[in-house]
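Q: My questions all concern the structure below.
Protein chains: 2
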Amino acid sequence: MLKFAYKLIIAYDGTHYSGWQVQPNGISIQETLQNVMKTILPFAPQVTGSGRTDAGVHALGQVAHFHSPTEIDLHRFQHSLNALLPPDIRILQIEPVSLDFHARYSAVKKTYHYHLWLDRVQNPFQRAYSLHVRHRVDLSLLREAAAQLVGEHDFTSFANSATEGSAAHDAVRTLFRADVLEQEGGVRIELEANGFLYKMVRNIVGTLLEVAAGKRDVSNIAHLLQARDRRLAGTAVEPKGLFLAQVDY
Amino acid sequence: MLKFAYKLIIAYDGTHYSGWQVQPNGISIQETLQNVMKTILPFAPQVTGSGRTDAGVHALGQVAHFHSPTEIDLHRFQHSLNALLPPDIRILQIEPVSLDFHARYSAVKKTYHYHLWLDRVQNPFQRAYSLHVRHRVDLSLLREAAAQLVGEHDFTSFANSATEGSAAHDAVRTLFRADVLEQEGGVRIELEANGFLYKMVRNIVGTLLEVAAGKRDVSNIAHLLQARDRRLAGTAVEPKGLFLAQVDY
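As they're listed, the protein sequences go chains L and W.
Mapping the first sequence onto the numbering used here, position 211 (from 1) lands on 223, and the numbers just tick up by one.
Mapping the second sequence onto the numbering used here, position 238 (from 1) lands on 250, and the numbers just tick up by one.
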């Protein structure tokens, strides 16, 4: 009987992982976490994340849950987890939740950040955490294009199929916020929505960069939303600039 | 005839290097830089740094100089260097200097930063750039002890011999500033002096941490300065929290 449920908030540097989800090739965050947990707990827990992050994508606040037949001393458990996990994965918080809490299905809002380095010379300490953009980036155009995406839309044009051939059944999502905030060396694009489709943030950022470079007109964004055709939008940007920042319930 | 002299300002993530200086074992920053420079320039330059940084120590603003028989187009040269160097070494600036400029001997002031992570859970993105201190750190004691070091002193107690058996001839240095500044997750100790002895910053920080933990009395600092005996001070802290921040001329 699995009578207790716990919610984890996890930060990780995704550089050396094949992503959140257990994969046949490469080491995933989920797998690393489950392997450490089963050495501490008297059973092998199944950890469910709020959603997958791709290889190389980082998290400031990924959320996951697991069930346990016995109550766990959370202070000690968190300490043991962080002592045994590699230092690029940290458990920021653990708390008890009700048994019907589901890291993926209970989520009401997710926030992603994408870091763009715009200055001529990239800070070497940011090389794995920001995309160095060497072409022209017009910040007004970037902001104007981002604003066009806010609201309830069918985001099919910005979604890759998770598995070849299978499209998302329902690609309608509500983007609450698409902000372009200045930070050291460039900008951070913050996207907040009730859900994201596969590779949606990276496809959006790639498309916004084409607008900011003057290669695509701002008015094209509305057209892309209408068209529902992945082939029309821009190329996905690299995973290294992407952070799953927060999941709200 | 080497008629032109140039000053470089260099930032690097020292994690994967054996230090600044060319070493028989491991790859150094100096060597990496010289190897790239000789593929761009029609000669093999000798690059002289402001001083060595140890294996794993980082730099926000290391300074170096080199001489050239011909004038160099600096804008293009910087671009080529950054295109060919690994992304953990970046040339922030290059400028012409007079032939008598010497990165080491002309320096009048150096600033080092040491990052201490004091919160219970270390940010995984700071794991290679801050020391996670798990014992008690009393910030008032840390500041009080740091202040005792400011001024002109013989720092022999805080210096390792660069090569076994050879002590520094003159260990008198003037520490202009020893500040403890709060930052995300902990503090940054900033030390500014007219020069630093070998491992001086790491030995100082190790000793300050003993005071902050209550293991060594603040009054012991004055005693250490008087004693001029390396065996009496604390253990050097790890290189990963240390940054050569700035060199002034």
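A virtual CB, placed ideally from N, CA and C, is assigned to each residue, including glycine.
The structure presented is a predicted model; accordingly, all values stated were derived computationally and were not measured.
Taking I101/L as the query, report the chain W residues whose CB atoms sit under 7 Å from its CB, ordered along the chain.
A: Residue numbering aside, residue 101/L sits at position 89 when the first sequence is read from its first letter. Chain W residues near I101/L: P136.
Q: Using only CA atoms, which one of Y210/L, D260/L, I106/L lies nearest to V69/L?
A: Counted from its first residue, the first sequence places residue 69/L at position 57. Nearest of Y210/L, D260/L, I106/L to V69/L, Cα basis: Y210/L.
Q: Tell whether a beta-carbon distance below 9 Å holds between I101/W and I41/W.
A: Position 89 of the second sequence, counting from 1, holds the residue named residue 101/W. Position 29 of the second sequence, counting from 1, holds the residue named residue 41/W. Cβ distance < 9 Å, so I101/W and I41/W count as in contact.
Q: Of all the options A190/L, Q138/L, D241/L, Q74/L, which has the alpha carbon lying nearest to the alpha carbon of N172/L?
A: Within the first sequence, numbered from 1, the residue matching residue 172/L stands at position 160. It is D241/L.
Q: Which of the three DSSP states is assigned to V48/L in this structure?
A: Within the first sequence, numbered from 1, the residue matching residue 48/L stands at position 36. Helix.
Q: Determine, using beta carbons only, whether H70/W comes closer than 9 Å to chain L.
A: As a first step, residue 70/W is located in the second sequence; it is residue number 58 there, counting from the start. Taking Cβ atoms only, chain L reaches closer than 9 Å to H70/W, which makes this a yes.
Q: Can you tell me whether DSSP reads G218/L as helix, strand or coil?
A: Taking the first sequence and counting its residues from 1, the one referred to as residue 218/L is at position 206. Here G218/L sits in helix by DSSP.
Q: Where DSSP assigns a beta bridge to I21/L, which residues make up the other side?
A: For the purposes of this step, residue 21/L is taken as the residue at position 9 of the first sequence. Answer by DSSP bridge pairing, in chain order: V75/L, Q105/L.
Q: Does DSSP classify K252/L as helix, strand or coil?
A: The residue labelled residue 252/L in the question sits at position 240 within the first sequence. Helix.
Q: Taking all protein chains shown into account, decide if G38/L is buried (16 or more other Cβ within 10 angstroms of its Cβ) or exposed.
A: The residue you call residue 38/L lines up with position 26 of the first sequence. Exposed.
Q: Might you give, ordered along the chain, the residues of its own chain that have their beta carbon closer than 6 Å to the beta carbon of F16/W, omitting 5 neighbours on each side?
A: Residue 16/W sits at position 4 when you count from the first residue of the second sequence. Cβ neighbours of F16/W beyond the five flanking positions: S80, E83.
Q: So which residues on chain W does A23/L lean against when the C-beta distance must stay under 9 Å?
A: Within the first sequence, the letter at position 11 stands for residue 23/L. What A23/L touches in chain W: V133, N135, P136, F137.
Q: Confirm, please, whether the CB-CB distance from N135/L to A76/W is below 9 Å.
A: Reading the second sequence from its first residue, position 64 is the one you call residue 76/W. Reading the first sequence from its first residue, position 123 is the one you call residue 135/L. No, these two residues do not count as a Cβ contact at 9 Å.
Q: Would you mind sorting A234/L into buried or exposed? The rule is 16 or more other CB atoms within 10 Å of its CB.
A: Indexing the first sequence from 1 puts residue 234/L at position 222. Exposed, since its Cβ has fewer than 16 Cβ neighbours within 10 Å.
Q: Is it right to say T123/W is buried, meaning 16 or more other beta carbons lie within 10 angstroms of its own, or is it exposed?
A: Taking the first residue of the second sequence as position 1, residue 123/W is located at position 111. T123/W comes out buried.
Q: Under 8 Å: does the beta carbon of D229/W sit that close to some heavy atom of the ligand ADP?
A: Among the components modelled here there is no ligand, and therefore nothing to report on the ligand ADP.
Q: Quick check: the region 19 to 35 of chain W against the region 220 to 234 of chain L, are there 3 or more CB pairs under 8 Å?
A: As far as the Cβ criterion goes, the region 19 to 35 of chain W does not touch the region 220 to 234 of chain L, which means the pair count is below three.
Q: Closest to N206/W by C-alpha separation, out of G253/W, V162/W, D66/W, Q35/W, would be which residue?
A: Counting from 1 along the second sequence, the entry for residue 206/W is found at position 194. The shortest Cα separation from N206/W among G253/W, V162/W, D66/W, Q35/W belongs to V162/W.
Q: If you run the structure through DSSP and keep just helix, strand and coil, what is S178/L?
A: For the purposes of this step, residue 178/L is taken as residue 166 along the first sequence, with counting starting at 1. Its pLDDT being 47, under 50, S178/L is placed unreliably in this model, and the value from its coordinates should be taken loosely. Here S178/L sits in strand by DSSP.
Q: Alpha carbon to alpha carbon, how far is W32/L from G253/L?
A: Within the first sequence, numbered from 1, the residue matching residue 32/L stands at position 20. Within the first sequence, numbered from 1, the residue matching residue 253/L stands at position 241. C-alpha separation (whole angstroms): 16 Å.
Q: Check Q138/W in the structure and name its three-state DSSP category.
A: To locate residue 138/W, count along the second sequence from 1; it is residue 126. DSSP places Q138/W in helix when its eight states are reduced to three.
Q: Can you name the residues of chain W whose CB is closer than 9 Å to the CB of Y141/L?
A: Translated into positions along the first sequence, residue 141/L becomes position 129. The answer, in chain order, is F137.
Q: Quick one: list the residues of chain L neighbouring L104/W, beta-carbon separation under 7 Å, in chain order.
A: As a working note, residue 104/W is residue 92 in the second sequence. Ordered by position in chain L, the residues that pass the 7 Å Cβ test against L104/W are V133.
Q: On the premise that R148/W lies in contact with G73/W, defined as a C-beta separation below 8 Å, what is that separation, rounded to the nearest angstrom?
A: Numbered from its first residue, the second sequence carries residue 73/W at position 61. Numbered from its first residue, the second sequence carries residue 148/W at position 136. Incorrect: roughly 33 Å between the Cβ atoms, too far for contact.
Q: Going by beta carbon distance, what residues of the same chain come within less than 7 Å of Y120/W, once the five residues before and after it are set aside?
A: Residue numbering aside, residue 120/W sits at position 108 when the second sequence is read from its first letter. Looking at the sequence provided, one finds Val at residue 120/W rather than Tyr. Closer than 7 Å at the Cβ level, and outside the excluded window around V120/W, lie N206, D260, Y261.
Q: For chain C, check one thing: does any of its Cβ atoms lie closer than 9 Å to the Cβ of N47/W?
A: Protein chains in the displayed structure are L and W, and chain C is not among them.
Q: Compare the beta carbon distance of A248/L and R200/L with 9 Å and say whether it is the shorter of the two.
A: The residue labelled residue 248/L in the question sits at position 236 within the first sequence. The residue labelled residue 200/L in the question sits at position 188 within the first sequence. Going by C-beta atoms, A248/L is not nearer than 9 Å to R200/L.
Q: So with Cβ pairs under 9 Å, would you call Q238/L a contact of chain W?
A: Residue numbering aside, residue 238/L sits at position 226 when the first sequence is read from its first letter. Not one chain W Cβ lies under 9 Å of Q238/L.
Q: Going by beta carbon distance, what residues of the same chain come within less than 7 Å of V192/W, once the five residues before and after it are set aside?
A: Along the second sequence, read from residue 1 onward, the residue named residue 192/W stands at position 180. Cβ neighbours of V192/W beyond the five flanking positions: L151, L154, R155, A158, V199, I201.
Q: When you compare each of D85/W, L128/W, D66/W to P108/W by their alpha carbons, which one comes out closest?
A: Taking the second sequence and counting its residues from 1, one reaches residue 108/W at position 96. Among D85/W, L128/W, D66/W, the Cα nearest to that of P108/W belongs to D85/W.
Q: Could you name the residues of chain W that N94/L contacts, counting a contact when the two beta carbons are closer than 7 Å?
A: Within the first sequence, residue 94/L is the residue found at index 82, counting from 1. Near N94/L (Cβ distances below 7 Å), the residues of chain W are V133.
Q: Applying the 10 Å Cβ sphere with the 16-neighbour rule, what's the burial state of A95/W?
A: Counting from one through the second sequence, the residue named residue 95/W turns up at place 83. Exposed: under 16 other Cβ atoms inside 10 Å.
Q: With DSSP collapsed to three states, give me the class of G226/L.
A: Reading the first sequence from its first residue, position 214 is the one you call residue 226/L. G226/L falls in the coil class under three-state DSSP.
Q: S178/W: buried (16+ other C-beta within 10 angstroms of its C-beta) or exposed?
A: The count along the second sequence starts at 1 and reaches residue 178/W at position 166. Annotation note: pLDDT 47 at S178/W (below 50); position unreliable, coordinate value reported separately. With fewer than 16 other Cβ atoms within 10 Å, it is exposed.
Q: Less than 9 Å between CB atoms is the rule here; does Q42/W satisfy it with respect to chain L?
A: Taking the second sequence and counting its residues from 1, the one referred to as residue 42/W is at position 30. Output row for Q42/W: interface = no.
Q: Should Q90/L be flagged as near chain W, meaning a C-beta pair shorter than 9 Å?
A: As a first step, residue 90/L is located in the first sequence; it is residue number 78 there, counting from the start. Yes, its Cβ sits closer than 9 Å to a Cβ of chain W.
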